[in-house]
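Working notes for the structure below.
There are 2 protein chains.
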Amino acid sequence: MKANRPSAPTLRDIAQAVGVHTTTVSRALNPRTQGQVGAETVRRVQKAAKELGYQPNPIALSLRTSRSRTVGLVIPDITNPLFPPIVRGIESALEAEGYSGWIVNTDNDPQRERKLIDSLRSRQVEGLIVATARMDHPLLAELHASGVQVVLINRRVEGVDLPCVTADDSSGVSAAVAHLAGLGHTRIAHLAGPQGTSTGVARARAFRHAVRDRGLPDDPGLVVECARWSEEAGARAARTLLGARSGVTAIVAGNDLIALGCYDVFGERGLSCPEDVSVVGFNDMPFLDKLRPPLTTVRVPHHDIGVEAARMLLDGIENPGRPARSLLMPVSLVVRGSTARR
Amino acid sequence: MKANRPSAPTLRDIAQAVGVHTTTVSRALNPRTQGQVGAETVRRVQKAAKELGYQPNPIALSLRTSRSRTVGLVIPDITNPLFPPIVRGIESALEAEGYSGWIVNTDNDPQRERKLIDSLRSRQVEGLIVATARMDHPLLAELHASGVQVVLINRRVEGVDLPCVTADDSSGVSAAVAHLAGLGHTRIAHLAGPQGTSTGVARARAFRHAVRDRGLPDDPGLVVECARWSEEAGARAARTLLGARSGVTAIVAGNDLIALGCYDVFGERGLSCPEDVSVVGFNDMPFLDKLRPPLTTVRVPHHDIGVEAARMLLDGIENPGRPARSLLMPVSLVVRGSTARR
DNA sequence: TTGTATGCGTTATCAT
DNA sequence: ATGATAACGCATACAA
Chain A
509 MKANRPSAPT LRDIAQAVGV HTTTVSRALN PRTQGQVGAE TVRRVQKAAK ELGYQPNPIA
569 LSLRTSRSRT VGLVIPDITN PLFPPIVRGI ESALEAEGYS GWIVNTDNDP QRERKLIDSL
629 RSRQVEGLIV ATARMDHPLL AELHASGVQV VLINRRVEGV DLPCVTADDS SGVSAAVAHL
689 AGLGHTRIAH LAGPQGTSTG VARARAFRHA VRDRGLPDDP GLVVECARWS EEAGARAART
749 LLGARSGVTA IVAGNDLIAL GCYDVFGERG LSCPEDVSVV GFNDMPFLDK LRPPLTTVRV
809 PHHDIGVEAA RMLLDGIENP GRPARSLLMP VSLVVRGSTA RR
Chain B
509 MKANRPSAPT LRDIAQAVGV HTTTVSRALN PRTQGQVGAE TVRRVQKAAK ELGYQPNPIA
569 LSLRTSRSRT VGLVIPDITN PLFPPIVRGI ESALEAEGYS GWIVNTDNDP QRERKLIDSL
629 RSRQVEGLIV ATARMDHPLL AELHASGVQV VLINRRVEGV DLPCVTADDS SGVSAAVAHL
689 AGLGHTRIAH LAGPQGTSTG VARARAFRHA VRDRGLPDDP GLVVECARWS EEAGARAART
749 LLGARSGVTA IVAGNDLIAL GCYDVFGERG LSCPEDVSVV GFNDMPFLDK LRPPLTTVRV
809 PHHDIGVEAA RMLLDGIENP GRPARSLLMP VSLVVRGSTA RR
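Chains as they are written, first to last, in my numbering: chain A, 509 to 850; chain B, 509 to 850.
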């Protein structure tokens, strides 16, 4: 036997209960239009609404208004420990304004990304927070051109003036290099993130600057690009770097996962960290303090990045046409056990 | 200047282009009703639809049909590394059937949970996958009673016959105890998860059975309950356990986070693992192999749990009234460095 | 085989 | 201050 599920009460139900027209109920319940309705009527409508347990139907509302109080969260993969804290930050800021977020995972597949964003748009999301930007990203340029509200996190796009919230990559890398130089390291290498991403480029550039500023060798062989921001790609690049017998004693990894890839290669080659080689990561993802050895890394305020990105997006939704801002979030070096005096 | 964003084409646009009525277009595009339309008309309609880039409007569709091809994912906190793989599993199974999932984080707050589930329901989700079940959970009982499709993961609810997908806790704990006993440990303790959750109870019960079956002491002092499934709660319980000077040489932790709490306490007390005390976790969350020491744990097929839960839910949606099944997913012990011979 | 009419729940635009 | 009407995009009972 099917459960007897009474369908949710509508404006019409309230109207009937109170003895007024649905239009009046709508106005009485909408703070913006409440003034148009008699005070006594408002009172009775609100009472009835509460008694019936009225909840506005967001779907009907969307259909009518073409809005949804919803934004899309476009990330590569929620399985990357970087993203959950950002997502929570985003959602807490959205929630404060009565919005909510819809998460999609693109797996860095442009086709999939396009499909998912289409689906998001067909659901009338009012904006997009995008963490998958590549430097050359036609889809984002397209969206921007067609007036879709977009905020980028962690990444930028070349030649498109999109608002973004990123970590201060330059300061972070610089602090890492300073730390290693202070420990007496002179041949410092960089396992760079993919150079198709602005973050990869920014960190690599910052690395070269930092190294040069200290009068250390800016040998091209000391920078190896990783194909992806992953442990495996990091390991591959670390093998190249370490195979070249370049006398490297310290590595600035593009991010924590790449640093983990280094750990794997140290294991393979019988190198010990930090005795033989020091490593610094980037991001400070969870549980890094419990690794063997605990990873020295650059802490990034993920939650805050999410909060700021959400605020920026809501701001753009409310004030379209406002010029794009870029927010640089402060980072800090967290010294743990993976770095030691040379 | 506002971008000229042409609104998405509707059935009406196609109808106009082809010169038929919207009804005909609707039928021609709907596989189920295509037979009612002339083959030639179908062809022309489909051609026009493709040319115009028609995408059905899911909101209008929802309003009309009270469905949404959407399900709600109710989890405590996406920041817990346990959940992302499950979420991905769920989404891949949903995607295959044209469904998608909407994630909400309850933070284990019943008020918040109710609010979020209300919001999900008002968005016409066709079902719920719930990971936040407590043994006594009136809200879930309510939902079940009112005919909402629900599938539980990781947890069960007492006295309510809800379908669920869980790890085989009993086998996992049993394997952990067998492993430790095989290493010569006799005083084995259990840091149990919250006893308000079925998982906490199941693992604790399995622990006592396993210990007794081997003729080892089933001392009540050897089981300490953690207030939450967290590192901090695990540490607190570990302090209690280790403070009691009970001669414990091995610990079966309720889950990996609790095991990490043990690591913290070992650090505080100058105990070394596995020399002084062995620890086994549960779940095999990411990066455990890189801890100091690498954590021996019970691997749970998170992705598969997600896949099965989603399939079960879709099955329930398509065939309401089908009896609830409980699916037990196989686990396996992963031996690493946190356990050693006594 | 195709078209007409209606309604899902809401709000905007009129009119009263 | 309130009501009547229409429309958002779609699917369906009914008519032709």
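Using N, Cα and C, we set each Cβ at its ideal position, and we do this for glycine too.
Item	Value
Can you pull the DSSP bridge partners for Tyr604(A)?	Contrary to the premise, residue 604(A) reads as Ala rather than Tyr in this sequence. Answer is none; Ala604(A) lacks a bridge partner.
Which chain B residues sit within Cβ distance under 8 Å of Trp610(A)?	Trp610
Alpha carbon to alpha carbon, what distance is there between Lys558(A) and Val656(A)?	37 Å
Quick check for students: name the residue ranges of the beta strand (DSSP E) that lie wholly in the stretch 693 to 765 of chain B, counting only runs of 3 or more.	696 to 700, 731 to 733 and 758 to 761
So Pro785(A) packs on Ile759(A), CB below 8 Å; how close in whole Å?	Looking at the sequence itself, residue 785(A) is Val, so the reference to Pro does not match. Indeed they touch by this definition, with Cβ atoms about 6 Å apart.
Going along the chain, which residues of its own chain have a beta-carbon closer than 8 Å to the beta-carbon of Thr541(A), five neighbours each way excluded?	Ser534 and Arg535
In the DSSP assignment, what residue or residues form a beta bridge with Val815(A)?	The partner list for Val815(A) (beta bridge, DSSP) is empty, contrary to what the question assumes.
Taking 9 Å as the cut-off, decide whether the C-beta atoms of Val659(A) and Gly824(A) are in contact.	yes
What separation, rounded to the nearest whole angstrom, lies between the Cα atoms of Val843(B) and Pro794(B)?	15 Å
Would you tell me roughly how many angstroms separate the C-alpha atoms of Ile766(A) and Leu602(B), rounded to the nearest one?	32 Å
Out of Thr518(B), Asn538(B), Asp676(B) and Ala848(B), which has the shortest C-alpha to C-alpha gap to Tyr562(B)?	Thr518(B)
Should Arg663(B) go down as buried or exposed, given a rule of 16 or more other Cβ atoms within 10 Å for buried?	buried
Between the stretch 580 to 592 of chain B and chain A, which residues of the former have CB atoms less than 7 Å from a CB of the latter, in chain order?	Ile586, Thr587, Pro589 and Pro592
What residues in the stretch 593 to 605 of chain B bring their beta carbon closer than 9 Å to a beta carbon of chain A?	Pro593, Val595, Arg596 and Glu599
Please classify Ala684(B) as buried or exposed, where buried requires at least 16 other C-beta atoms within 10 Å of its C-beta.	buried
Less than 9 Å separating the beta-carbons of Leu495(B) and Pro564(B)?	Residue 495(B) lies beyond the residue range present for chain B, which begins at 509 and ends at 850; the question has no answer from this structure.
Does Glu816(B) get closer than 9 Å to chain A when you measure Cβ to Cβ?	no
Rounded to whole angstroms, what is the Cα-Cα separation between Asp764(B) and Leu750(B)?	18 Å
Would you kindly check if the distance between the Cβ of Gly580(B) and the Cβ of Val612(B) is under 9 Å?	yes
What do you reckon, are the CB atoms on Thr640(B) and Ile583(B) nearer than 9 Å?	yes
Of all the residues that make up the stretch 555 to 574 of chain A, which are near chain B by a beta-carbon distance shorter than 9 Å?	Gln563, Pro564, Asn565, Pro566, Ile567, Ala568, Ser570, Leu571 and Ser574
Below 8 Å CB to CB, which residues in the same chain sit around Arg704(A) once its five sequence neighbours on both sides are set aside?	The sequence shown places Gly at residue 704(A), rather than the Arg named in the question. Closer than 8 Å at Cβ, skipping near neighbours: Arg642, Met643 and Asp644.
Compare the beta carbon distance of Asp792(A) and Gly597(A) with 9 Å and say whether it is the shorter of the two.	no
Going by DSSP, name the residue or residues bridged to Cys672(A).	Leu660(A) and Ser834(A)
Let me see if you follow: with CB-CB separation under 9 Å, is Leu768(B) close to chain A or not?	yes
Does the stretch 620 to 635 of chain B touch the stretch 831 to 840 of chain B, meaning 3 or more C-beta pairs lie closer than 8 Å?	no
If you draw a straight line from the C-alpha of Glu733(B) to the C-alpha of Glu599(B), how long is it?	34 Å
What residue range does the beta strand (DSSP E) around Leu636(B) cover?	Leu636 to Val638
Could you say which of Ala818(B), Pro782(B) and Leu822(B) lies nearest to Thr847(B) if we only look at CA atoms?	Pro782(B)
Thinking Thr578(B) and Ser627(B) are a contact (beta carbons under 8 Å), I'd like their distance in whole angstroms, please.	Going by Cβ atoms, the distance from Thr578(B) to Ser627(B) rounds to 12 Å, so no, they are not a contact pair.
Determine the DSSP secondary structure at Thr531(A), reduced to helix, strand or coil.	helix
Is Arg513(B) close to chain A, meaning its C-beta is less than 9 Å from at least one C-beta of that chain?	Annotation note: pLDDT 48 at Arg513(B) (below 50); position unreliable, no value reported.
So Leu799(B) contacts chain A; which residues on that side make the cut at Cβ distance below 8 Å?	Phe795, Lys798, Leu799 and Arg800
Measuring CB to CB, does Ala817(B) end up less than 9 Å from Ile594(B)?	yes
Report, in whole angstroms, the separation of the C-beta atoms of Ala526(A) and Arg552(A), which I expect to be a contact under 8 Å.	Checking the displayed sequence, the identity of residue 526(A) turns out to be Val instead of Ala. So it is a contact: roughly 5 Å between Cβ atoms.
Identify every residue that forms a DSSP beta bridge with Ser856(A).	There is no way to answer for residue 856(A), as the model of chain A reaches only from 509 to 850.
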